[in-house]
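Step one of this worksheet: look at the structure below.
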Amino acid sequence: MMSDYHSYLITSLDLHTVDLEEFKHGGTNITAFRLVDPEKPEIQKVIQDWIYGEKRYNRELDMGQNSNKTETSLLYDAVHLFAKALHDLDTSQQIDIKPLSCESTDTWPHGYSLINYMKIVEMTGLTGIIKFDHQGFRSDFVLDIIELNNKEGLKKIGTWNSTKGINFTRSYGDVYTQIVENLQNKTFIVTTILSAPYCMRKDSSEKLTGNAQFEGYSVDLIYEISRLLGFNYTFRLVPDGRYGSYNAQTKEWDGMIKELLEQRADLAIGDLTITYDREQVVDFTTPFMPLGISILYRKPVKQPPNLFSFLSPLSLDVWIYMATAYLGVSVLLFILARFSPYEWENPHPCNGQSEVLENEFTLLNSLWFTIGSLMQQGSDIAPKAVSTRMVAGMWWFFTLIMISSYTANLAAFLTVERMDSPIESAEDLAKQTKIKYGALKGGSTASFFKDSNFSTYQRMWSFMESAKPPVFTASNVEGVDRVIKGKGSYAFLMESTSIEYVIERNCDLTQIGSLLDSKGYGIAMPPNSPYRTAISGAILKLQEEGKLHMLKTRWWKEKRGGGSCREDTSKSSSAANELGLANVGGVFVVLMGGMGVACVIAVCEFVWKSRKVAIEERKQKSSGKPICEGFTDLH
0 MMSDYHSYLI
10 TSLDLHTVDL
20 EEFKHGGTNI
30 TAFRLVDPEK
40 PEIQKVIQDW
50 IYGEKRYNRE
60 LDMGQNSNKT
70 ETSLLYDAVH
80 LFAKALHDLD
90 TSQQIDIKPL
100 SCESTDTWPH
110 GYSLINYMKI
120 VEMTGLTGII
130 KFDHQGFRSD
140 FVLDIIELNN
150 KEGLKKIGTW
160 NSTKGINFTR
170 SYGDVYTQIV
180 ENLQNKTFIV
190 TTILSAPYCM
200 RKDSSEKLTG
210 NAQFEGYSVD
220 LIYEISRLLG
230 FNYTFRLVPD
240 GRYGSYNAQT
250 KEWDGMIKEL
260 LEQRADLAIG
270 DLTITYDREQ
280 VVDFTTPFMP
290 LGISILYRKP
300 VKQPPNLFSF
310 LSPLSLDVWI
320 YMATAYLGVS
330 VLLFILARFS
340 PYEWENPHPC
350 NGQSEVLENE
360 FTLLNSLWFT
370 IGSLMQQGSD
380 IAPKAVSTRM
390 VAGMWWFFTL
400 IMISSYTANL
410 AAFLTVERMD
420 SPIESAEDLA
430 KQTKIKYGAL
440 KGGSTASFFK
450 DSNFSTYQRM
460 WSFMESAKPP
470 VFTASNVEGV
480 DRVIKGKGSY
490 AFLMESTSIE
500 YVIERNCDLT
510 QIGSLLDSKG
520 YGIAMPPNSP
530 YRTAISGAIL
540 KLQEEGKLHM
550 LKTRWWKEKR
560 GGGSCREDTS
570 KSSSAANELG
580 LANVGGVFVV
590 LMGGMGVACV
600 IAVCEFVWKS
610 RKVAIEERKQ
620 KSSGKPICEG
630 FTDLH
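Take the sequence shown: its letter number 551 is residue 550 in numbering that gives the first Met the number 0, and every next letter is one higher.
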């Protein structure tokens, strides 16, 4: 009952007469009112006069602390007030004094006059200004507000009167200084939970006890705060291994929050998120680490290069449109060349009388001309008419743009590794049911989805709650293991800071999407803790000095295998990948295929021509013509 988290308001006006030496260093807030200040010179003078007056009659007066009682001072002021009023009454009228019987009904005739004089008399006594209202009650009296501190004992911190109310005379700096002084050499019980990298057991061949058996970000943070404020601390693991959630059925809290509410611990530190429900029952300091909820998932598997990856720069639709444009332009060129008279010419220029005219743009030649320009090559066929040249020019412009676009995009498709990830955000998770996802049971992440009004998060919570087998885990470590072993079938929702720690050590895992919310970790303490301001100030100072950033770098990227995945990341981002046979193998396949088709066509041409020659020979034999004449077609 005499701990730091209790406050007492003493209604007696004589607290200054009590020996409070045993309670000065307990940290309990003891506040009282005082009508008489025993340190006032007027009171000290009256007490000394009283002692000397008794000595004149050879009497020893053992005052002790009874001389400082409020009742004694009130009695002293009452006698002076009565004497002053009686003196004023005596100067204004003749006062007769006569014996009166206590048993008779007769009263002193000047009694009411004396009372009225006492009401209008104003004087300053040991208890301050003495004034009365018309009903005879004392008015405008001032009470000192006093508080017990560990150095000066009872100290005045303000005043109170009936007209102005409370007026605190101490400043905020005085309050802060007193809190810091109370922290000196005080030992706090710090409850925490084993969670990497915040609090972990040290790897040691010897048996460690006490604070020496723990290490981590939280351990170093408490050490830095204690170094600034001068307090001692003892770590104690939370018995049930939980952070702290409210059970609506039992109406009780568990975990570290329960330890604080039952005052078995003074501080709770770790990856403890500041939430609305927790803030209602305990006090939190300024956040020492900002964070948000994100998705932990396996890294996308590198897709093996496609044999025909050289077709990837253009979509299937574009390839179809190009083939259609090729055929259409070739046919149009053939028709226009047939239609235009300028494309017909004499095959024998020396014979100007010849009536035979030839056109170079046959259907096959038109197809050859357009495919040559599409492949950035040429042909010995050239259009002569304006119309055909117009078609050729537009086709060349089209091929210039298409080939340039294809070449530019081909470089990226052949050198950049393609990663196939089935999910890219929380919305992608909510839209599918193949990949299971969950969170820490009873943690702030689960509470976020449970209490969210956003439709996507509500749908995700319904999915997690109804999933069989359960997708919630007892710890973050269990959730990470499920992601690793799930091989893409499970995603874990957790704080971004914990995800950063995990992916620094496991190169197969990654963070998916952006943060779903914004919150922070804070140090929790029992409600109305007097040390909240001091510890928050220490956290802000550490933040300004860069100590918090140094601690995070130490435990995230340096200690216990941190930074093992950064080398791979730098290599992949700084240099392009080499092209292997798998990247360009399709071009060789097309080349070999084209060569094979050409050979087959050559054989077919030979067979066709041989068959045609054989037919011609049979005809010549039957007609009696020389056989050699049948081979004239081969020249």
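Just so you know, even glycine gets a beta-carbon here, dropped at the ideal spot from N, CA and C.
Legend entry - Selected residue, minimal CA-CA separation from F234, among A247, K68, Q212 and G240: Minimum Cα-Cα distance from F234 among the listed residues A247, K68, Q212 and G240 corresponds to Q212.
Inset, instruction - Confirm, please, whether the CB-CB distance from Y56 to L88 is below 8 Å. - result: Result no, Cβ atoms of L88 and Y56 do not sit closer than 8 Å.
Legend entry - Three-state secondary structure assigned by DSSP to R58: R58: coil per DSSP, three-state reduction.
Inset, instruction - Identify whether R137 lies in helix, strand or coil by the three-state DSSP scheme. - result: Residue state, collapsed to three classes: strand.
Inset, instruction - Whole angstroms is fine: what's the gap from C603's alpha carbon to S622's? - result: The C-alpha of C603 lies about 29 Å from the C-alpha of S622.
Legend entry - Presumed contact (8 Å Cβ cut-off) between L290 and Y520, rounded CB distance: Yes, L290 and Y520 are in contact; Cβ-Cβ is about 7 Å, under 8 Å.
Legend entry - Span separating the alpha-carbon of K150 from that of D139: Using only the alpha carbons, I get a separation of about 32 Å.
Legend entry - DSSP state of M640 mapped onto helix, strand, coil: Coverage of the chain is limited to positions 0 through 634, which leaves residue 640 absent and any answer about it impossible.
Legend entry - Extent of the continuous alpha helix (DSSP H) run through V189: Per DSSP, V189 belongs to no alpha helix (DSSP H); it is in the beta strand (DSSP E), T186 to T191.
Legend entry - Residue from N148, I221, L550 and G52 whose Cα sits closest to the Cα of T190: Comparing Cα-Cα distances from T190 to each of N148, I221, L550 and G52, the minimum goes to I221.
Legend entry - Residue burial classification, C101 (beta-carbon count within 10 angstroms, cutoff 16): Only exposed fits C101, as fewer than 16 other CB atoms lie within 10 angstroms of its CB.
Inset, instruction - Could you check how far apart the C-beta atoms of A425 and L228 are, in whole angstroms? I think they sit under 8 Å. - result: Beta-carbon to beta-carbon, A425 and L228 are separated by about 41 Å, too far to satisfy the 8 Å threshold.
Legend entry - Sequence-distant residues of its chain with Cβ nearer than 8 Å to G127 (five each side left out): Only L34, F140 and V141 meet the Cβ criterion.
Inset, instruction - Along the alpha helix (DSSP H) that carries Q338, what are the first and last residues, could you check? - result: Correcting the residue type first, residue 338 is Phe in the shown sequence and not Gln. Note, F338: alpha helix (DSSP H), L315 to F338.
Inset, instruction - Could you tell me whether the segment 276-296 touches the segment 519-533, using the rule of 3 or more Cβ pairs below 8 Å? - result: Below 8 Å, enough C-beta pairs join the segment 276-296 and the segment 519-533 to call them touching: three or more.
Inset, instruction - Give the range of the alpha helix (DSSP H) segment to which W159 is assigned. - result: W159 -> not in any alpha helix (DSSP H); beta strand (DSSP E) instead, spanning G152 to N160.
Legend entry - Under 8 Å between C-beta atoms of V470 and V501: No, these two residues do not count as a Cβ contact at 8 Å.
Legend entry - Bridge partner(s) assigned by DSSP for K435: Bridge partners of K435: Y489.
Inset, instruction - Grab me the residues of L12's own chain with a C-beta within less than 7 Å of its C-beta, minus the 5 sequence neighbours each way, in chain order. - result: Counting only Cβ-Cβ distances below 7 Å, and skipping sequence neighbours, we find F32, R33, L34 and T69.
Legend entry - Beta-bridge partners of L8, as assigned by DSSP: DSSP, once it has assigned bridges, lists T30 as partnering L8.
Legend entry - the segment 177-189 in contact with the segment 33-47 per 3-pair CB rule at 8 Å: No, they do not touch.
Inset, instruction - Answer yes or no: does any C-beta atom of chain C fall closer than 8 Å to that of W395? - result: Protein chain content of the structure displayed is limited to a single chain, and chain C is not contained in it.
Inset, instruction - Note the first and the last residue of the continuous beta strand (DSSP E) segment covering G442. - result: Where G442 is concerned, there is no enclosing beta strand (DSSP E), given that its DSSP letter is neither H nor E.
Legend entry - Touching by the beta-carbon criterion (3+ pairs, under 8 Å), the segment 157-166 and the segment 238-245: Judged by pairs of C-beta atoms under 8 Å, the segment 157-166 does not touch the segment 238-245, as fewer than three such pairs exist.
Legend entry - Close Cβ partners of L550 (< 7 Å) along its chain, the five nearest in sequence each way excluded: The beta carbon of L550 sits closer than 7 Å to those of Y216, D219 and L220, all from its chain and outside the five residues before and after it, given in chain order.
Legend entry - Coarse secondary structure for S2, derived from DSSP in three states: In the structure shown, S2 sits in coil (DSSP, three-state: anything other than H, G, I, E or B).
Inset, instruction - Could you spell out where the beta strand (DSSP E) holding F368 opens and where it closes? - result: Unbroken run through F368 is the alpha helix (DSSP H), L362 to L373; no beta strand (DSSP E).
Legend entry - Alpha-carbon spacing of V390 relative to Q619, whole angstroms: Computed Cα separation, rounded: 47 Å.
Legend entry - Those runs of the alpha helix (DSSP H) which lie wholly inside the segment 262-296 and span at least 4 residues: List check, alpha helix (DSSP H) in window: 275-280.
Inset, instruction - Using a threshold of 8 Å, state whether the C-beta atoms of E359 and I380 are closer than that. - result: Yes.
Legend entry - Stretch pair the segment 502-516 + the segment 252-260: three plus CB contacts closer than 8 Å: No contact exists between the segment 502-516 and the segment 252-260.
Inset, instruction - Leaving out five residues on either side along the sequence, give the residues of the same chain with a beta carbon under 7 Å from the beta carbon of S194. - result: Hits under 7 Å: G269, D270 and N475.
Inset, instruction - Give the range of the beta strand (DSSP E) segment to which Q510 is assigned. - result: Element bounds for Q510: L508 to I511.
Inset, instruction - Given a cut-off of 8 Å, decide if K558 and P196 are closer than it, judged by their beta-carbon atoms. - result: Cβ distance < 8 Å, so P196 and K558 count as in contact.
Inset, instruction - Have a look at T637 and A438 and give me their C-alpha separation to the nearest angstrom. - result: Residue 637 cannot be examined here, being either before or after the span of the chain that is shown, 0 to 634.
Legend entry - Inter-residue spacing [alpha-carbon to alpha-carbon] between K298 and Q457: Approximately 26 Å between the Cα atoms of the pair.
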